[in-house]
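Trainee: Structure provided below as structure tokens; questions to follow.
Numbering (my numbering), first residue to last: 3 to 68.
Following this line, the structure appears as structure tokens:
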């Protein structure tokens, strides 16, 4: 099995408001050894009156097929 930081699953979906903090979370994941998995997604949140974003990442050692 793969050893990930903080014993997290090999696949993660990072979500949040599309702002600098979200971009920093994705950047931090990449610095820790995660890699992007697919394209990001954005959607307008009418209740929160803001844009929301999602980006999937996988652990760099994981053999994941798209």
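Ideal Cβ placement from N, Cα and C applies to all residues, glycine included. For clarity, every value in this text was computed on a predicted model and none was experimentally measured.
Check each candidate in 34, 51, 18 and name the one with the smallest Cα separation from residue 9.
Mentor: By 1-based counting over the chain shown, the position of residue 9 is 7. For the residues 34, 51, 18, the minimum Cα distance to residue 9 belongs to 34.
Trainee: Is it the case that the Cβ atoms of residue 59 and residue 66 are separated by a distance below 8 angstroms?
Mentor: Walking along the chain shown from the start, residue 59 turns up at place 57. Walking along the chain shown from the start, residue 66 turns up at place 64. No, Cβ-Cβ distance for residue 59 and residue 66 is not below 8 angstroms.
Trainee: Nearest to residue 45 by CA position, among 37, 54, 38, is which residue?
Mentor: The sequence position of residue 45 within the chain shown is 43, counting from 1. The candidate whose alpha carbon is nearest that of residue 45 is 54.
Trainee: Tell me which residues share the same chain as residue 4 and place their Cβ nearer than 7 angstroms to its Cβ, disregarding the 5 neighbours each side in the sequence.
Mentor: Position 2 of the chain shown holds residue 4. Hits under 7 angstroms: 12, 61, 63, 64.
Trainee: What would DSSP say about residue 10, mapped onto helix, strand or coil?
Mentor: Working through the chain shown from its first residue, we reach residue 10 at position 8. Residue 10: coil per DSSP, three-state reduction.
Trainee: So for residue 59, helix, strand or coil by DSSP?
Mentor: The sequence position of residue 59 within the chain shown is 57, counting from 1. In the structure shown, residue 59 sits in a strand (DSSP, three-state: E or B).
Trainee: Taking just the CA atoms, how far does residue 25 sit from residue 52?
Mentor: Translated into positions along the chain shown, residue 52 becomes position 50. Translated into positions along the chain shown, residue 25 becomes position 23. Between residue 52 and residue 25, the C-alpha separation is close to 15 angstroms.
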